[in-house]
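Following: one structure in structure tokens, then a few remarks.
Number of protein chains: 4
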Amino acid sequence: MRRLRLGMVGGGQGAFIGAVHRIAARIDGHWDLVAGALSSDAERAHQSAAELGIDPERSYSDFQYMATAEAAREDGIDAVAIVTPNHMHAAPAIAFLKAGIHVICDKPLAATPQEAEEIAAAVKQSGQLFILTHNYTAYPLIRQAREMIAAGELGDIRLVHVEYVQDWLTEESDSKQASWRTDPLRSGAGGCVGDIGTHAYNLACFVSALEPQSLSADLDSFVSGRQLDDNVHVMLRFTGGAKGMLWASQVAVGHENGLRLRIHGSKGGLDWSQENPNVMSFTRFGEPKNILTRGGAAATEAGLRNLRTPAGHPEGYLEGFATIYTEAANLIRHTDQGEPLPEGVHTPNIADGLAGMNFIQACVSSSNSNAAWTNLG
Amino acid sequence: MRRLRLGMVGGGQGAFIGAVHRIAARIDGHWDLVAGALSSDAERAHQSAAELGIDPERSYSDFQYMATAEAAREDGIDAVAIVTPNHMHAAPAIAFLKAGIHVICDKPLAATPQEAEEIAAAVKQSGQLFILTHNYTAYPLIRQAREMIAAGELGDIRLVHVEYVQDWLTEESDSKQASWRTDPLRSGAGGCVGDIGTHAYNLACFVSALEPQSLSADLDSFVSGRQLDDNVHVMLRFTGGAKGMLWASQVAVGHENGLRLRIHGSKGGLDWSQENPNVMSFTRFGEPKNILTRGGAAATEAGLRNLRTPAGHPEGYLEGFATIYTEAANLIRHTDQGEPLPEGVHTPNIADGLAGMNFIQACVSSSNSNAAWTNLG
Amino acid sequence: MRRLRLGMVGGGQGAFIGAVHRIAARIDGHWDLVAGALSSDAERAHQSAAELGIDPERSYSDFQYMATAEAAREDGIDAVAIVTPNHMHAAPAIAFLKAGIHVICDKPLAATPQEAEEIAAAVKQSGQLFILTHNYTAYPLIRQAREMIAAGELGDIRLVHVEYVQDWLTEESDSKQASWRTDPLRSGAGGCVGDIGTHAYNLACFVSALEPQSLSADLDSFVSGRQLDDNVHVMLRFTGGAKGMLWASQVAVGHENGLRLRIHGSKGGLDWSQENPNVMSFTRFGEPKNILTRGGAAATEAGLRNLRTPAGHPEGYLEGFATIYTEAANLIRHTDQGEPLPEGVHTPNIADGLAGMNFIQACVSSSNSNAAWTNLG
Amino acid sequence: MRRLRLGMVGGGQGAFIGAVHRIAARIDGHWDLVAGALSSDAERAHQSAAELGIDPERSYSDFQYMATAEAAREDGIDAVAIVTPNHMHAAPAIAFLKAGIHVICDKPLAATPQEAEEIAAAVKQSGQLFILTHNYTAYPLIRQAREMIAAGELGDIRLVHVEYVQDWLTEESDSKQASWRTDPLRSGAGGCVGDIGTHAYNLACFVSALEPQSLSADLDSFVSGRQLDDNVHVMLRFTGGAKGMLWASQVAVGHENGLRLRIHGSKGGLDWSQENPNVMSFTRFGEPKNILTRGGAAATEAGLRNLRTPAGHPEGYLEGFATIYTEAANLIRHTDQGEPLPEGVHTPNIADGLAGMNFIQACVSSSNSNAAWTNLG
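Line order of the protein sequences matches chains A, B, C and D. For the first sequence, counting from 1, position 22 maps to 102 in the numbering used here; every step adds exactly one. For the second sequence, counting from 1, position 2 maps to 82 in the numbering used here; every step adds exactly one. For the third sequence, counting from 1, position 15 maps to 95 in the numbering used here; every step adds exactly one. For the fourth sequence, counting from 1, position 212 maps to 292 in the numbering used here; every step adds exactly one.
This is the structure in structure tokens:
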């Protein structure tokens, strides 16, 4: 079974998420990074490629050209990872899809709903796989939570509370990471709501398997002069009567990357936090709280899938991200062989991407209308 | 300095909060319980009084008669504690106030806004003290948090997140405690929102010192047949632009008495939970999180007031409650001597009671109007 | 049922533990403090008594005289609380016992083994009750742990790990509390080992119900010039083959009052910490860890005894201490009525006191012999 | 800069630690696994190699032959990872060292002191690098702790407490992992003390930089019929007067992989636990406890080295292990170029291995002599 060949768009020197994708792709040994358009600046692109051991011949300065060239090679890439700012997702995604190359794309899907629709159309037309790296869905205990809920262990789900709180934008910042995330031209209409709100929303929906119906959102920009929201308050309603609250913030001092999910049903409740992702509390009504551990006692099938180390040997952010890449490899191999997809594989896809875009739009629109209830249908 | 004499209305055999008030009154040695109308059932009232060592002569079966009789005694009670269900607060409160006796009353203030107004009028007219037992405001670290915010240690307050979550009403219940709390005739228009939502709201306002402006509320009753809300979602707006979220629930499986307050400002953030009330985390932007302990390093003046044990020797729910009684005694002694009130004493009062009633009304009204924004002014 | 009458020796202005005893005695309403020899300084004794509302006639400057006088009164005290430094336990304890008055005494039992034996002899001869305030044994979850172990829920006990760590003596100190605790004339041969090591040892034995056999101890005094130990390392062996470790320290920076007990058996393990005493973790081998809460789901009979508040409403140090006083009252009432003692009551007694003295002696002796194994039999 | 070429001895199908080494080697992209003697069973060796994409030509069934063959190739391996049970460390280590190939070896160093000495002699003679995978030393906060102590932030170190507790051997087990770890022929004289006690000891010494002087150890085997220790109690003395305690157990029910280190000095204290390795508490005497996070506020130079993700994005066990491989690559590149070694690189080496063997021997010997103090010099 040969390693798959990966290309990358974006992720040159100084980038954050590009390096994460590369480590994630390496961890389980299913991928080799062999090509890249790592920067729109040609010089920087080639230096970055050299550092990463990419053959100069396959270091490109233009993603369109790269798509064409790689599609033409016998040893062309199996998939491309797109790790640029939001406004630079659509064009390369579409280019590679059209070239018959699978796409692994960072979130949110795009900067605008129109771009999102164009990507979706290209996915449909191309028949290629499109994988969105909502990496938090790949933590083993998150998979286990989803499976427990599906098995009815919490009873009827009544409440979903999700928060994703950080503090790095508490003050004005001109770092590379901050500048594009607070720029509507590069991020789109959502700031915090797009950058991390979509993760929270995606995670809540993934685990609960509830269908969101409508929301009421109150967005703020607490830092003077900032053009996009840095704090997001949302009340959620789901089909069937469940309710939720979502809080996303980048100005909550004291929080580094505080993604937390709590779900309560008629029979039980769950509580999980990303910063210590190897434990989850679970309570059956009337019984003591259980501390479930990754791979530990009472682990379910989904919770045991994709483990690399036994309980007590913590896995983290990169391992979750790696699972996305490993399952992407799994999907690609089956798809390319024309085999049916295996069960138990979950990779966030174009539908998740569109749902995230809807969420951003609904939040912005609701907030602009004094938090009026807005459909998510 | 003689001990003050306390009477009690309600709190007979089988009651919960009456026993709490009695312990709270004993802890610091400022009070003797000497009279009571402990039950509306005469037999039960007298048995309860006997068990508590109350002189049979001062065990009453009628609170109105008790007010008159105690006011007439030379050794009459200095204050009465009213620990009945909500709909039975107004009549005794007014009776004792009119009789010139200070009132310590459980929360929420009353079952209806009209009753609340009548109590308020009686307070004004009588000139007596009225103390509402929002006991959670008396935890030392809560006092410290309030003082730190007032001193500007968090900068401009941007965000207030408060939650008060329990699970004891997850299923239908006919316990004594449950039955009146889910009965509109005895509780008023709010169920969970009145019983614990008001605590959360009061705590958030007490600590932040923000002025609430309006709210959008989504109330639910998840248990079939229940007449009052058992889950409360609220988005808050404060004067000056701060925002908040409040979640109160009695169906959140896995939570016993989960009152938690988080406040974030432009310079720092605080996080405190009632179930382990002797610690609070505090982060200055850009610095490591500090774990502040009750009476420990960096304790402030307000945080050191009313301590009974050194750091590491946990105080709990009853000690906080006791502080309300101790400060009530302090106020009463000064008031009755015609002395100016001492600084640093905080006892929730009639204004807090009215604010709580406004909150309940606004939540119910908002929720009935599809979570429309409703003024709290 | 009348309240019992309490006298106190020690505990005048500025004392710490005397105030704790007084609150503990008040909490459940079984005691009135009516007499005292609160200080060996007559002036201070009387001022202290006046502040506490003790009738001047019953404020004594001499405990011997107090014992005689109180024994002679028809309304004389039922018991005396001795809250002086260690070297001042024996004389008053013996005086009151001889006068036919029950004794409640702070720990450790005495400053020297000889004094301890004299107290023990006086207890035996007098037939009076002697209660040692090892208050930590009265936390509800500690009682529950003991009951769970007795019921075999942990299987055969293999391991006991107890630590009691503080940091307040990290540097030289001349505070009132520090000075006598580091003075061999007032504390006896043990410093940290007597002050808090005995608590740890007592708790470990109380909960495990194991019989200690021998120990190897390494005592240190890290602060230059200090005459008594401030850090204690002990390895323990119990009859039947169980093993243990005990660490007590007053120089462990970052610890306020860190008493923690862990017990592991062939079937399960327990973990409890005093600073958040309302939770305890319990794991059955091969199952997820359970978080047991005071009075919560799965609480046992012993864990539900002496509760004042429901789960989630934290009780603390003073409530545990109060339970000692409440059970002392219970014992005294039964004893004085000639009734058999009720089941389920546990108050540390003279045997615990002697065991603690043996422990101190064994630790000091072992440490002086290069940590040689020393019998505890 | 080419990737280094790695070979592996052991780690065939069903092995645990071999897979960990392979992931660790991949994470940072410095290594390619190109050769192996993955099992002593030839069939199994080749199947395992095939699964890992190793060229069949470089899949060996004999490590001695592999050493010779790889040394002869122009593209021969740069280093070999030895991941066999303890008794199979010495022979391959010596073979590869003699062949001029660097060795990365799992811990403990060997099954017997004689084997350990032979390895040490071969290291010395060969001039090759020898790296022992005490992976826990590579957690970023552990590096930071070491640096903080070296900088004097804790003052004079007084106390070192380390524990490493698991429960997987609570009952008799015949799993592959259990069987060799409880077999003196394959593990050597130490069971739990060798398997995890050496990790604890190494970590304590690494971080504190104290020189161990002597120990008193009490070893037990609680499971009937087990030939090696499953629980280890140790008191430690260090040069200069610091003291320590070490507890290692594989029968402590409720613990998965509970490695915890606490160090207290005259000015401050540290507390770190492996199961949530991204936080560490640090207290300066008289100040509130600080929660330090991996890469967060107040991170030191050593704590920022080798980070892959920002604070709040947890790294775990594999990332720590990967750092050993990355720093090994760093050392090898410098060494092979004849360059001086860079500063700030820490890889456990042959001296650590010998110290661990001394520790095992001293523990076993002390325990056999009733816990007599035994030199570690």
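Ideal placement from N, C-alpha and C gives every residue a C-beta, glycine not left out. Being a predicted model, the structure only gives us computed values, none of them experimental.
Gly366, Glu367, Pro368, Lys369, Asn370, Ile371: these are the residues of the region 348-371 of chain A whose beta carbon lies less than 7 Å from some beta carbon of chain C, given in chain order. Residues of chain C whose Cβ lies closer than 9 Å to the Cβ of Gly376/A are, in chain order, Pro368, Lys369. Shown here, Asp351/C sits in a strand according to DSSP, grouped into three states. Under the 8 Å criterion on CB atoms, Leu249/D is classed as non-interfacial with respect to chain C. One finds Arg342, His344, Gly348, Gly349, Leu350, Asp351, Ser361, Phe362, Thr363, Arg364, Phe365, Lys369 in chain D with Cβ atoms closer than 9 Å to the Cβ of Gly334/C, taken in chain order. Around the beta-carbon of Asp236/D, fewer than 16 other beta-carbon atoms lie within 10 Å, marking it exposed. Here DSSP, grouped into helix, strand and coil, assigns Lys323/D to strand.
The criterion of a C-beta distance shorter than 8 Å is not satisfied by Leu350/D and Ala171/D. In terms of Cβ geometry, Pro428/B and His214/B form a close pair [threshold 8 Å]. In the three-state reduction of the DSSP assignment, Asp432/A falls in the helix class. For Ile103/B, the uninterrupted alpha helix (DSSP H) segment begins and ends at 97-107. One thing to note: Leu113/C has its Cβ no nearer than 8 Å to the Cβ of Gly92/C.
By the Cβ test, the region 323-330 of chain C is in contact with the region 233-250 of chain C, since at least three Cβ pairs between them sit closer than 8 Å. Residue range 292-300 is occupied by the beta strand (DSSP E) that includes Asp298/D, with no alpha helix (DSSP H) assigned at that position. Take the alpha-carbon of Leu308/A and the one of Asn356/A: they are about 30 Å apart. Shown here, Tyr244/B sits in a strand according to DSSP, grouped into three states. Interface residue (Cβ-Cβ distance to chain D less than 8 Å): Gly396/A is classified as such. Exposed is the label assigned to Pro136/C, since fewer than 16 other Cβ atoms lie within 10 Å of its Cβ.
In the DSSP assignment, Ile162/A is bridged to Val89/A, Cys185/A. Just so you know, the alpha carbons of Tyr244/B and Leu283/A end up roughly 24 Å apart. Beyond the five residues adjoining it in sequence on each side, Ala230/A comes within less than 7 Å, by CB distance, of Ala289 in the same chain, given in chain order. Under the Cβ criterion of 8 Å, Asp298/D is counted among the residues facing chain C. Residues of the same chain with a CB within less than 8 Å of the CB of His279/C, apart from the 5 flanking positions on each side, are Lys187, His214, Tyr216, Tyr244, Leu339 in chain order. Under the DSSP definition of a beta bridge, Arg340/B partners with Glu243/B, Ser353/B. Of Trp260/A, Lys178/A, Val287/A, Met81/A, the smallest CA-CA separation from Gly232/A is found for Val287/A. Per the C-alpha coordinates, the member of Leu177/C, Asp108/C, Ala190/C, Leu239/C positioned closest to Arg342/C is Leu239/C. Distance between Ile371/D and Leu372/B, taken at the CA atoms: about 11 Å. For Ile211/B, there is no enclosing alpha helix (DSSP H); the residue is found in the beta strand (DSSP E) stretching over 210-212. Ranked by how close their Cα comes to the Cα of His167/C, the residues Ile440/C, Tyr281/C, Ala190/C have Ala190/C in first place.
Ranked by Cα distance from Arg413/C, the first of Gln205/C, Phe176/C, Gln127/C, Leu209/C is Leu209/C. Not a single C-beta of chain B is nearer than 8 Å to the C-beta of Val444/A. For the region 389-419 of chain B, the beta-carbon criterion of a distance under 7 Å to any beta-carbon of chain C is satisfied by Thr389, Ala391, Gly392, His393, Pro394, Glu395, Gly396, Tyr397, Leu398, Glu399.
As a beta-bridge residue in DSSP terms, Ser329/D pairs with Val245/D, Asn311/D. Across the region 238-270 of chain A, CB contacts with chain B closer than 9 Å involve Arg238, Leu239, His241, Glu243, Val245, Asp247, Thr250, Glu251, in sequence order along the chain. A contact is defined here as three or more CB-CB pairs under 8 Å, and the region 315-326 of chain B meets this definition with respect to the region 308-318 of chain A. In the DSSP annotation of this structure, the continuous segment of the beta strand (DSSP E) that includes Ile371/C starts and ends at 369-373.
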